[in-house]
Amino acid sequence: MPSKKRSTDAPRETGEQLAKVALARRKKALRRRKAAIAKMPKTKAAKSASPAVKAGQSAGILVAEGDSWFDYPFNDIIKNLEDDHGFDVETVAHAGDRVEDMAYSGGQLDDFIRRIEKLKRRGEKPRAILLSGGGNDITGEIEFGMILNHALSPINGLNPLVVEGIIDQRLHDAFSTILAAVTTVCEEHFGEKIPIVVHGYDYAIPDGRGFAGGFWLLPGPWLEPGFNQKGYHNMVVRRQLVEKLIDRFNEMLKRLTGTPEFRHVSFVDLRRTLKSANYKTDWANELHPTATGFAAVTARIAAAIP
1 MPSKKRSTDA
11 PRETGEQLAK
21 VALARRKKAL
31 RRRKAAIAKM
41 PKTKAAKSAS
51 PAVKAGQSAG
61 ILVAEGDSWF
71 DYPFNDIIKN
81 LEDDHGFDVE
91 TVAHAGDRVE
101 DMAYSGGQLD
111 DFIRRIEKLK
121 RRGEKPRAIL
131 LSGGGNDITG
141 EIEFGMILNH
151 ALSPINGLNP
161 LVVEGIIDQR
171 LHDAFSTILA
181 AVTTVCEEHF
191 GEKIPIVVHG
201 YDYAIPDGRG
211 FAGGFWLLPG
221 PWLEPGFNQK
231 GYHNMVVRRQ
241 LVEKLIDRFN
251 EMLKRLTGTP
261 EFRHVSFVDL
271 RRTLKSANYK
281 TDWANELHPT
291 ATGFAAVTAR
301 IAAAIP
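The numbering used here puts the first residue of the sequence shown at 1, with every later residue one more than the last.
Structure below.
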C-alpha cells in the first residue's frame with residue numbers, strides 16, 4: 001500500500017526560519033568584516049592585486065591548507081579570518097588530514113594548485129599562504145600509544161626514540177616537503193615567493209572530552225585512550241607529558257622555519273594563548289578550541305600575516 005504523502009509545510013517553514021537566522025548571522029559577520037577592513041592600514045592591503053582589496057572590500061586573499069583548526073564545525077581559524085579580520089580565504093583544508101598526507105598523497109596539493117591557478121586566471125595574487133597541521137600525525141590511535149612508555153615502567157613517560165622519529169624526523173620532513181612544494185607552486189605561477197604562515201599548537205588538555213560528546217565526524221577523545229592504555233590516570237601527569245610533546249613539536253617548527261631556505265615562512269607560536277583560569281572557556285574538547293579560543297588563536301595568526 002502506498003505511504004501517505006508527507007506534507008512539506010513544516011520542513012519548508014523550518015528551512016525558511018533557519019535561513020533567516022543564518023542570514024542575520026551573516027549580516028553581523030559582514031559588519032564585523034567591514035569594520036576590520038576599515039581599520040587596516042592601506043599600505044598592508046595594497047600589496048594584493050585583488051580588485052576587491054583595491055576597492056576596500058577585502059584585507060587580502062589567503063590560500064589555506066591544513067587540518068581541523070582550519071576546517072571545524074561552526075568556528076575555526078578560516079571562518080574568523082574572513083568574518084572578523086576581513087580576508088578572503090581560498091581553502092583546501094580538511095579535518096583529519098595529516099601533514100604526511102598533505103606532503104605526499106597529492107590530494108590537498110592538487111586542490112591547492114587549482115586554487116592558485118584560479119587566482120592567477122583572475123589576475124589576483126595571494127597575500128599569504130596558511131598552513132596548519134601535525135596534530136593528527138601525533139594523536140592518531142597508533143602513534144600516541146607508541147609515544148608513551150607505560151606508567152609503571154622504569155622508563156615511564158614519553159619514549160624519546162619514538163618522539164624523535166615522529167616529530168623530529170617524520171613531521172620535520174613532511175613539513176619541509178609541503179613548504180617546499182607550496183613555495184615552488186607559487187614561484188611557478190607568480191614568479192616570486194609568497195609569504196607562508198605556519199602555526200604550532202597550544203597545550204592540549206587530555207581530559208577525555210571529544211567533539212559534541214563523541215558525535216559526528218570528529219568524535220574523539222584523542223588523547224585519553226592512549227593514556228588509559230598505558231596506565232596514566234592522573235591529570236597533572238597527563239598534562240605534563242602533553243606539554244613536553246607540544247613543546248617538542250613547536251621547537252621543531254621554529255627550527256625549520258628559521259632555516260635560510262624558508263626565510264619567507266613565519267612561525268606563529270600559540271603556546272599560552274589559551275590560558276583562561278577555567279580551561280573549558282578556551283578548549284571545547286581535547287584538541288579544539290571553543291569559539292572564544294579560536295578567536296584568540298586567529299588574532300595571533302592574523303597579526304603574523306605580512
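By construction, the Cβ of each residue, glycine as well, lies at the ideal position given by its N, Cα and C atoms.
All of these numbers come straight from a predicted model, not from anything done at the bench.
query: Using the C-alpha atoms, what's the distance from K28 back to P160?
result: So the two alpha carbons sit approximately 49 Å from each other.
task: Mark M235 as exposed unless 16 or more other C-beta atoms lie within 10 angstroms of its C-beta, in which case mark it buried.
output: Counting the other Cβ atoms within 10 Å of the Cβ of M235 gives fewer than 16, which makes it exposed.
message: For R170 and A38, I'd like the C-alpha separation in whole angstroms.
response: Roughly 43 Å separates the two Cα atoms.
task: Give the secondary structure of L152 by DSSP, where H, G and I count as helix, E and B as strand, and everything else as coil.
output: DSSP places L152 in coil when its eight states are reduced to three.
- prompt: Leaving out the 5 sequence neighbours to the left and right, which residues in its chain are closer than 8 Å to E243 when beta-carbon positions are compared?
  reply: Cβ neighbours of E243 beyond the five flanking positions: Y203.
query: Could you give the uninterrupted runs of the beta strand (DSSP E) lying entirely in the segment 213-290, keeping only those of 3 residues or more?
result: Taking 3 residues as the minimum length, the beta strand (DSSP E) runs contained wholly in the segment 213-290 are 265-268, in order along the chain.
query: Going straight from the alpha carbon of A174 to that of A151, what length do you get?
result: Rounded to whole angstroms, A174 and A151 show a C-alpha spacing of 30 Å.
message: Between the alpha carbons of T232 and P154, how many angstroms are there, rounded?
response: Just to set this straight, residue 232 is Tyr in the shown sequence, not Thr. Distance between the alpha carbons of Y232 and P154: 14 Å.
- prompt: Going by beta carbon distance, what residues of the same chain come within less than 7 Å of L270, once the five residues before and after it are set aside?
  reply: So the qualifying residues of the chain are H199, G200, Y201, D202, V297 and R300.
field: Local Cβ density within 10 Å of R332, reported as buried at 16 or more and exposed below that
entry: Because the chain is modelled from 1 through 306, residue 332 falls outside the range shown and cannot be assessed.
message: On a Cα-Cα basis, can you pick out the residue from P41, A36 and S68 that is closest to P219?
response: For P219, the closest C-alpha among the options P41, A36 and S68 is that of S68.
- request: For A64, I'd like the list of residues in its chain whose CB is within less than 6 Å of its CB, leaving aside the five on either flank, ordered along the chain.
  value: Around A64: F70, I78, V89, T91, A93 and L130.
task: Using the Cα positions of L307 and S132, report the straight-line distance between them to the nearest angstrom.
output: Given that the chain is displayed from residue 1 to residue 306, the structure contains no residue 307 and the question cannot be resolved.
- prompt: In terms of residues, what are the limits of the alpha helix (DSSP H) holding L81?
  reply: I77 to D83 is the extent of the alpha helix (DSSP H) around L81.
query: Which runs of the alpha helix (DSSP H), 4 residues or longer, sit entirely within the segment 114-172?
result: Listed in chain order, the complete alpha helix (DSSP H) runs (minimum 4 residues) inside the segment 114-172 are 135-139, 141-147 and 160-163.
task: Would you mind stating whether G226 and L148 have Cβ atoms separated by less than 8 Å?
output: The Cβ-Cβ distance between G226 and L148 falls below 8 Å.
task: Count the other CB atoms, across all protein chains shown, that sit within 10 Å of the CB of G96; report buried if there are 16 or more and exposed otherwise.
output: It counts as exposed.
query: Should R32 be listed as close to the ligand ADP, given that the test is whether its C-beta is under 7 Å from any heavy atom?
result: This structure lacks the ligand ADP; in fact it carries no ligand of any kind.
message: V197 and F112 - do their beta-carbons sit closer together than 8 Å?
response: In this structure, V197 does not lie closer than 8 Å to F112 by Cβ.
V198: first and last residue of the uninterrupted beta strand (DSSP E) it sits in: From DSSP, the beta strand (DSSP E) with V198 extends over I196 to H199.
field: Residue closest to D76, alpha-carbon to alpha-carbon, out of I142, D282 and A304
entry: Taking only the C-alpha atoms, the option nearest D76 is D282.
task: Run the CB neighbour count on F211, radius 10 Å, all protein chains shown included, and call it buried at 16 or more, exposed below.
output: Counting the other Cβ atoms within 10 Å of the Cβ of F211 gives 16 or more, which makes it buried.
Extent of the continuous beta strand (DSSP E) to which V89 belongs: Under the DSSP assignment, V89 falls in the beta strand (DSSP E) whose first and last residues are D88 to T91.
E286 classed as buried or exposed, judged by whether at least 16 other C-beta atoms fall within 10 angstroms: Buried, because 16 or more other Cβ atoms sit within 10 Å of the Cβ of E286.
message: Suppose the cutoff is 6 Å on Cβ atoms and the five residues either side in sequence are ignored; what does the same chain contact list for R98 look like?
response: Cβ contact annotation for R98 (same chain, cutoff 6 Å, sequence separation greater than five): N136 and D137, in chain order.
field: Exposure label - L81; buried when at least 16 CB within 10 Å
entry: L81 is classed as buried because its beta carbon has at least 16 other beta carbons within 10 Å across all chains shown.
query: How many Å lie between L158 and L223 at the Cα?
result: One Cα belongs to L158, the other to L223, and the distance between them is close to 13 Å.
- prompt: Quick one: what does DSSP say A204 is sitting in, helix, strand or coil?
  reply: A204 falls in the coil class under three-state DSSP.
- request: Assign R26 to one of two classes, buried (16 or more other C-beta atoms within 10 Å of its C-beta) or exposed (fewer than that).
  value: The residue in question, R26, is exposed, as its Cβ has fewer than 16 Cβ neighbours within 10 Å.
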